[in-house]
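Report on one structure; see the data block that follows.
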Ligand code: CMP
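Shown next as structure tokens:
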């Protein structure tokens, strides 16, 4: 199994409810290692740029407002098949469809306020990690 890295974001709905530690515990129990982490406030420009793939979607404006509404915790996770593994741990985008025991089933509010983001493929993982951690040496 390939050791991979993936980008995780703990979103404003979760930081507002003081859930960072609880979510980190789901990540670590799944065997993923948090090898970089910082709590930041996204600028509008950063949020628009990070989610630019969704710019034609009806929810884009609301998504940007949500992502700048409070602090986020951006993280790099490392482990065997980390990208797929983290998507499994997060559960479906809409918590109504998420499996029991997943982060979104247990903590998310709705499809927008869904507590966490995770990269969806190796190329996007590399791009998303560079977006938040460019120039920072990440020691696994
Ligand atoms: P995320 O995995 O970060 O990717 C895009 C985000 O858009 C998603 O999680 C949700 O927070 C948000 N979003 C809001 N509405 C929708 C929707 N109808 N379908 C998918 N994503 C949505």
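Residue numbers (the working numbering): 1 to 140.
Note that beta-carbon positions come from the ideal geometry of N, C-alpha and C, so glycine has one too.
None of the values given here were measured: they were computed from a predicted structure.
Range covered by the beta strand (DSSP E) that runs through residue i
{"i": "residue 89", "result": "Residue 89 -> not in any beta strand (DSSP E); alpha helix (DSSP H) instead, spanning 82-90."}
{"i": "residue 112", "result": "Residue 112 -> no beta strand (DSSP E), and no H or E assigned at all."}
{"i": "residue 36", "result": "33-40"}
{"i": "residue 6", "result": "3-10"}
The ligand CMP heavy atom lying under 7 Å from the CB of residue i
{"i": "residue 15", "result": "no"}
{"i": "residue 63", "result": "yes"}
{"i": "residue 51", "result": "yes"}
{"i": "residue 111", "result": "yes"}
{"i": "residue 59", "result": "yes"}
{"i": "residue 93", "result": "yes"}
{"i": "residue 81", "result": "no"}
{"i": "residue 114", "result": "yes"}
Reference residue i, options the options, closest by Cα
{"i": "residue 138", "options": "37, 10, 19 and 62", "result": "37"}
{"i": "residue 87", "options": "20, 46, 13 and 115", "result": "115"}
{"i": "residue 67", "options": "11, 109 and 28", "result": "11"}
{"i": "residue 94", "options": "106, 85 and 84", "result": "106"}
{"i": "residue 113", "options": "132, 59, 135 and 120", "result": "59"}
{"i": "residue 132", "options": "110, 41 and 64", "result": "41"}
{"i": "residue 2", "options": "85, 130, 108 and 117", "result": "85"}
{"i": "residue 27", "options": "136, 130 and 118", "result": "118"}
{"i": "residue 73", "options": "135, 55, 34 and 98", "result": "34"}
{"i": "residue 31", "options": "80, 13, 16 and 70", "result": "80"}
Extent of the continuous alpha helix (DSSP H) run through residue i
{"i": "residue 65", "result": "60-67"}
{"i": "residue 104", "result": "103-107"}
{"i": "residue 124", "result": "122-133"}
{"i": "residue 24", "result": "20-29"}
{"i": "residue 44", "result": "44-50"}
Test: residue i CB closer than 8 Å to a CB of chain D
{"i": "residue 33", "result": "This model lacks chain D altogether; it includes just one protein chain."}
- Query: Is there contact here, the segment 2-9 with the segment 124-131, by at least three beta-carbon pairs under 8 Å?
  - Reply: yes
- Message: Can you confirm whether the segment 44-54 touches the segment 10-26 when touching is taken to mean that 3 or more C-beta pairs between the two stretches lie within less than 8 Å?
- Response: no
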